[in-house]
Amino acid sequence: MAKAIPRIGSRRNRRIGSRKSARRIPKGVIHVQASFNNTIVTVTDVRGRVVSWSSAGTCGFKGPRKGTPFAAQTAAANAIRTVGMQRADVMIKGPGRGRDAALRAIRRSGILLTFVRDVTPMPHNGCRPPKKRRV
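The UniProt record's numbering numbers the first residue of the sequence shown as 1 and each following residue consecutively.
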């Protein structure tokens with residue numbers, strides 16, 4: 001007679017917000033990637049190792065609501081909540097609507113910002129365009 005083996009560490013039964021033990025770092029870098037469809041906030045230490053992250057999708061927003069400023073604000077608050085950081089640099093990338101809202105949420109959290117930099121990639125003349133259409 002086969003015994004039913006209980007599933008350990010299932011993704012379903014775990015609470016979404018639970019993370020490993022909070023790592024306390026004095027200084028770090030907060031990366032905000034704001035696209036039109038989503039906003040991803042990643043907190044790293046100064047060497048670039050990821051400490052915590054969050055996105056509008058993981059915060060429970062679905063579909064077009066993921067691209068809203070409120071979703072970006074919630075994602076930024078969630079990413080910062082577990083990390084005890086005093087000072088941070090902020091790197092913002094992308095053209096999305098959540099850029100300013102995420103920055104506002106970071107400012108409101110009480111972390112001292114050393115600098116805020118826009119690291120959106122700009123093409124220096126970009127790719128070669130497709131050949132002209134012949135009809």
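Each residue gets a CB set at the ideal place from its N, CA and C atoms; glycine is no exception.
In the structure shown, Q73 adopts helical secondary structure according to DSSP, grouped into three states. Three or more Cβ pairs closer than 8 angstroms define a contact, and the stretch 115 to 131 falls short of that threshold against the stretch 65 to 75. Separation of G57 and I30 (C-alpha to C-alpha, rounded to the nearest whole angstrom) is 18 angstroms. Note that the stretch 47 to 54 does not touch the stretch 106 to 120; fewer than 3 beta-carbon pairs, one per stretch, sit closer than 8 angstroms. Shown here, A88 sits in a strand according to DSSP, grouped into three states. L113 and N78 have their alpha carbons spaced roughly 18 angstroms apart.
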